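Q:
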Amino acid sequence: MRISLKYLLLVAPAALMIAVLFLYPLGFSLIAAFTHDAQGFTLDHFRKVYSLYSSDILFTLIIVLISVALLALISITLSAVITLSPCRPIVRTLAFLYRLPLFIPFIVAAQMMRTFLAKNGLMNNALVSADLLTPLETVSWLGWKGIIITFVWKQLAFATLLICGAMAALEQSQILAARNLGASRPRILFDIILPQVLPAIGVALVLSTVTMMSVLSVPMMIGTGTPTMITVDMAFRVNSYGDYAVANALGVVSLLICGSLSWFYLRHSLRQKGGES
1 MRISLKYLLL
11 VAPAALMIAV
21 LFLYPLGFSL
31 IAAFTHDAQG
41 FTLDHFRKVY
51 SLYSSDILFT
61 LIIVLISVAL
71 LALISITLSA
81 VITLSPCRPI
91 VRTLAFLYRL
101 PLFIPFIVAA
111 QMMRTFLAKN
121 GLMNNALVSA
131 DLLTPLETVS
141 WLGWKGIIIT
151 FVWKQLAFAT
161 LLICGAMAAL
171 EQSQILAARN
181 LGASRPRILF
191 DIILPQVLPA
201 IGVALVLSTV
211 TMMSVLSVPM
221 MIGTGTPTMI
231 TVDMAFRVNS
241 YGDYAVANAL
251 GVVSLLICGS
261 LSWFYLRHSL
271 RQKGGES
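Just so we're aligned, residue 1 is where the sequence shown starts under the numbering used here, counting upward by one.
#1: So if DSSP puts T93 in a beta bridge, which residue, or which two residues, is it bridged to?
#2: Tell me whether the beta-carbon of V197 lies closer than 8 Å to the beta-carbon of F106.
#3: Out of V49, P186, T150, which one is the CA nearest neighbour of L102?
#4: Since T115 and V128 should fall inside the 8 Å C-beta cutoff, what is the C-beta to C-beta distance between them, to a whole number of angstroms?
#5: Quick one: is L8 buried, meaning 16 or more other Cβ sit within 10 Å of its Cβ, or exposed?
#6: List the residues that DSSP assigns as beta-bridge partners of G40.
#7: Under a three-way DSSP split, which group does R185 fall into?
#8: Residues in the same chain with beta-carbon distance under 6 Å from D243, minus the five sequence neighbours each way, listed in chain order, please.
#9: For my contact list, I82 and A95 are in at a C-beta cut-off of 8 Å; report their separation, rounded to the angstrom.
#10: Just to confirm my understanding: we take Y265, look at its own chain, exclude 5 residues before and 5 after, and list those with CB closer than 7 Å. What are they?
#11: Under the rule that 16 or more other beta-carbon atoms within 10 Å means buried, what is S277, buried or exposed?
#12: Give me, in chain order, the residues of the same chain whose beta-carbon lies closer than 8 Å to that of P186; leave out the 5 immediate sequence neighbours on both sides.
#13: I need the straight-line Cα distance from L5 to I18, nearest angstrom please.
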């Protein structure tokens, strides 16, 4: 009994913090999304979300899926080069460069990309100085393309760190044995390394998806009008109309999108573990 009481006292502060700072706001937001002061339970807030912001929801989903696909491709490629490349200077250079975005806040990344991708930004000025473009040929990369570039650039360090760490933790004897048998690096990557690091890839992509769905500064600073992302709509409903109910309904939609992607990953992961056992 005393041991159980000690464990309870150890867990109680953390459980209280989770309940107060996470469960209570989440429950309050869910209730507010499905209720109305006069009517009680209602779906009117979701009808308004569908009529006003259905295109923004689709835009958000497309932006996140494209960003996640590009993030997976680039982070796996970087991790493979760092793990399998025999050229140590290249490995050290890549290992230094890919970590840089890890310590930059999203709002700073958004301002950097806004300066870099604008029509008169650093990228176009460099191309004009190199005589690759004329000033009249330059175009702005702000908008949906800029949002995707910023998301991928910012999350690349996080995803690569997880995937590269998982690859480095593998038994090197497997890779050495495959090399001794004449396997090429692409075959080692696809047949030996990737099947073993799929859980780490899934975690990196799911967490990156949740992060992209929750960022406000990037679509607000780099987006150009409509359609826009859900986070901007939520901020607009609160700041312009004080309409917390519709903002909470948009939050529920965002939660369902993230929950669906997480459920798909967890289901695939459990199936894989069940097959292995």
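All C-beta atoms in this analysis are idealised placements derived from N, C-alpha and C, irrespective of residue type, glycine included. Given the structure is predicted, the values throughout are model-derived calculations rather than measurements.
A: On the basis of the data shown:
#1: Here the question's residue 93 lines up with position 93 in the sequence shown. DSSP lists no partner for T93.
#2: By one-based count along the sequence shown, residue 197 stands at place 197. By one-based count along the sequence shown, residue 106 stands at place 106. Contact: no.
#3: To locate residue 102, count along the sequence shown from 1; it is residue 102. Cα-wise, what sits closest to L102 is T150.
#4: To locate residue 115, count along the sequence shown from 1; it is residue 115. To locate residue 128, count along the sequence shown from 1; it is residue 128. Not confirmed; about 16 Å, so no contact.
#5: For this step, residue 8 is matched to residue 8 along the sequence shown. Its Cβ having fewer than 16 others within 10 Å, L8 is exposed.
#6: One-based indexing of the sequence shown puts residue 40 at position 40. H36, per the DSSP bridge assignment.
#7: By 1-based counting over the sequence shown, the position of residue 185 is 185. Correct three-state label for R185: helix.
#8: Within the sequence shown, numbered from 1, the residue matching residue 243 stands at position 243. Within the same chain, D243 has close Cβ partners R237.
#9: One-based indexing of the sequence shown puts residue 82 at position 82. One-based indexing of the sequence shown puts residue 95 at position 95. The distance from the Cβ of I82 to that of A95 is about 6 Å, consistent with a contact at the 8 Å cut-off.
#10: Numbered from 1 along the sequence shown, position 265 holds the residue referred to as residue 265. Excluding sequence neighbours, Y265 sits near G202, V206.
#11: Locating residue 277 in the sequence shown gives position 277, where the first residue counts as 1. Because the pLDDT of S277 is 48, which lies under 50, any placement of that residue in the model is unreliable, and the number read from its coordinates should be weighed accordingly. Exposed: under 16 other Cβ atoms inside 10 Å.
#12: Taking the first residue of the sequence shown as 1, we reach residue 186 at position 186. Sequence-distant partners of P186 (beyond 5 residues in either direction) whose C-beta falls short of 8 Å from its own C-beta are missing from its chain.
#13: Against the sequence shown, residue 5 aligns to sequence position 5. Against the sequence shown, residue 18 aligns to sequence position 18. When the Cα atoms are used, L5 and I18 turn out to be separated by approximately 20 Å.
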